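K.L.:
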Amino acid sequence: MILRTLRRHPVKSLLGEEVARARIDGRGLDGDRRYALLDLTDGRIASAKEPRTWRRLLTLRAESKDAGVRITGPDGAELDDAALCALLGRPVRLIDERPPGATLRRSVPEQVLAAGIDAEVDYTVQEFGGAAAPGSFFDFAPLHLVTTATLAGAPAARYRPNLVIEHDGEPWSENDWTGRELAVGPELRLRIIARTPRCAVPTLAHGPLPADPEALRRPARHNRVQPLPDLPPLPCLGAYAQVLTPGTVEPGDRVRLH
Numbered sequence: 001m002i003l004r005t006l007r008r009h010p011v012k013s014l015l016g017e018e019v020a021r022a023r024i025d026g027r028g029l030d031g032d033r034r035y036a037l038l039d040l041t042d043g044r045i046a047s048a049k050e051p052r053t054w055r056r057l058l059t060l061r062a063e064s065k066d067a068g069v070r071i072t073g074p075d076g077a078e079l080d081d082a083a084l085c086a087l088l089g090r091p092v093r094l095i096d097e098r099p100p101g102a103t104l105r106r107s108v109p110e111q112v113l114a115a116g117i118d119a120e121v122d123y124t125v126q127e128f129g130g131a132a133a134p135g136s137f138f139d140f141a142p143l144h145l146v147t148t149a150t151l152a153g154a155p156a157a158r159y160r161p162n163l164v165i166e167h168d169g170e171p172w173s174e175n176d177w178t179g180r181e182l183a184v185g186p187e188l189r190l191r192i193i194a195r196t197p198r199c200a201v202p203t204l205a206h207g208p209l210p211a212d213p214e215a216l217r218r219p220a221r222h223n224r225v226q227p228l229p230d231l232p233p234l235p236c237l238g239a240y241a242q243v244l245t246p247g248t249v250e251p252g253d254r255v256r257l258h
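Under our numbering, the letters of the sequence shown match residues 1 to 258, in that order.
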């Protein structure tokens, strides 16, 4: 297997960027999910997992810069907090530290598919980073990976992975990697800890990519599995990982499963 692409999302739920080389350690890929937008009305972190309120986040792009992060709108113009508030229709502030007790809402994906993104649907309130460093903006773990076989031609950007791995095996092979170790390049060593359950985000328009309900319906049909022992079977695609040994990697590096 070969590492095909590296991706990061400097601001949670915004469009991200491909990188040519990156350091990966216990905090994840350098520059990934280092910022988020705080909803000043309720103290929650803005997330496209609640598409009725926050789907416009996926019209914005974040790029890492030496001094922090640059956010641009659909027309490519740089946006400050005031411009973000105007575009999103809610008062927000860019933050780099998660407030104590901050949560996000996760709309029930199947209800979003059935009723549409403008419908009021049930949601769960989600804590952050059960397998990540304290105070991070990761949903669960610091790294997310997927194989090209599982993507089956779908744009990786819809699923927001950090590592896309060139793999000519069967789709959904990541299901069987939980508990195993993955070596990427000469240094990086990962442990696969869980299958990745999918929310409604992959179905939404991502910048120039149009909305695509099939992005969730396909794993719902073909890969409804149990991501963790305490969860029921859910549509899953890809895998979560933790870092055992930090390292610097780049596309073309060999990937070995142990």
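We put the CB at the ideal spot given by N, CA and C, even for glycine.
It should be emphasised that the depicted structure is a prediction, and the values quoted were computed from it without experimental measurement.
Pick helix, strand or coil for Pro-202, following the three-state DSSP scheme.
P.N.:
Residue 202 sits at position 202 when you count from the first residue of the sequence shown. Helix at Pro-202.
K.L.:
Whole angstroms are fine: how far does the CA of Asp-75 sit from the CA of Leu-128?
P.N.:
Within the sequence shown, the letter at position 128 stands for residue 128. Within the sequence shown, the letter at position 75 stands for residue 75. Here the sequence assigns Phe to residue 128, which means Leu is not the residue at that position. For Phe-128 and Asp-75, the distance between alpha carbons rounds to 32 Å.
K.L.:
Give every residue of the same chain whose Cβ lies closer than 6 Å to the Cβ of Leu-15, excluding the five residues on either side of it in the sequence, and list them in chain order.
P.N.:
Within the sequence shown, the letter at position 15 stands for residue 15. Arg-61 and Gly-207.
K.L.:
Should Thr-150 be labelled buried (16 or more other beta-carbon atoms within 10 Å of its own) or exposed?
P.N.:
On the sequence shown, residue 150 is found 150 positions in, with the first residue counted as 1. Buried.
K.L.:
Can you find at least 3 beta carbon pairs, one from the region 197-205 and one from the region 108-128, that sit closer than 8 Å?
P.N.:
yes
K.L.:
For Ala-139 and Pro-186, I'd like the C-alpha separation in whole angstroms.
P.N.:
Looking up residue 139 in the sequence shown gives position 139. Looking up residue 186 in the sequence shown gives position 186. Note that residue 139 is Asp in the sequence shown, not Ala. Rounded to whole angstroms, Asp-139 to Pro-186 spans 28 Å at the Cα level.
K.L.:
For Glu-214, count neighbouring C-beta atoms within 10 Å of its own C-beta (all shown protein chains included) and say buried if the count is 16 or more, exposed if not.
P.N.:
If you number the sequence shown from 1, residue 214 lands on position 214. Answer is exposed; the Cβ neighbour count stays below 16.
K.L.:
So, are the CB atoms of Val-260 and Leu-6 less than 9 Å apart?
P.N.:
With the chain covering only 1 through 258, there is no way to say anything about residue 260.
K.L.:
Classify Arg-21 as helix, strand or coil using the three-state DSSP reduction.
P.N.:
Within the sequence shown, residue 21 is the residue found at index 21, counting from 1. Correct three-state label for Arg-21: coil.
K.L.:
Within 9 Å of any Cβ in chain C, is that where the Cβ of Ser-13 sits?
P.N.:
The structure shown contains no chain C, having only a single protein chain.
K.L.:
May I have the straight-line CA-CA distance separating Pro-251 from Arg-98, to the nearest angstrom?
P.N.:
Here residue 251 is taken as the residue at index 251 of the sequence shown, counted from 1. Here residue 98 is taken as the residue at index 98 of the sequence shown, counted from 1. Between Pro-251 and Arg-98, the C-alpha separation is close to 31 Å.
K.L.:
For Trp-172 and Thr-148, what's the separation of their Cα atoms in angstroms?
P.N.:
Numbered from 1 along the sequence shown, position 172 holds the residue referred to as residue 172. Numbered from 1 along the sequence shown, position 148 holds the residue referred to as residue 148. Distance between the alpha carbons of Trp-172 and Thr-148 is about 10 Å.
K.L.:
Measure how close the beta-carbons of Leu-244 and Arg-189 come, nearest whole angstrom, since I'm counting them as under 8 Å.
P.N.:
Locating residue 244 in the sequence shown gives position 244, where the first residue counts as 1. Locating residue 189 in the sequence shown gives position 189, where the first residue counts as 1. That pair is a contact at about 4 Å.
K.L.:
Using the beta-carbon count (16 or more within 10 Å), is Thr-196 buried or exposed?
P.N.:
Residue mapping note: residue 196 aligns to position 196 of the sequence shown, counting from 1. By the neighbour-count rule (16 or more Cβ atoms within 10 Å), Thr-196 is buried.
K.L.:
When the Cα atoms are used, what is the spatial distance from Leu-104 to Arg-70?
P.N.:
As a position in the sequence shown, residue 104 is number 104, starting the count at 1. As a position in the sequence shown, residue 70 is number 70, starting the count at 1. The straight-line gap from Cα to Cα measures roughly 23 Å.
K.L.:
Round the Cβ separation of Ala-343 and Ile-192 to the nearest angstrom and send it over; I've been treating them as touching at under 8 Å.
P.N.:
Not covered by the structure: residue 343. The range shown for the chain is 1 to 258.
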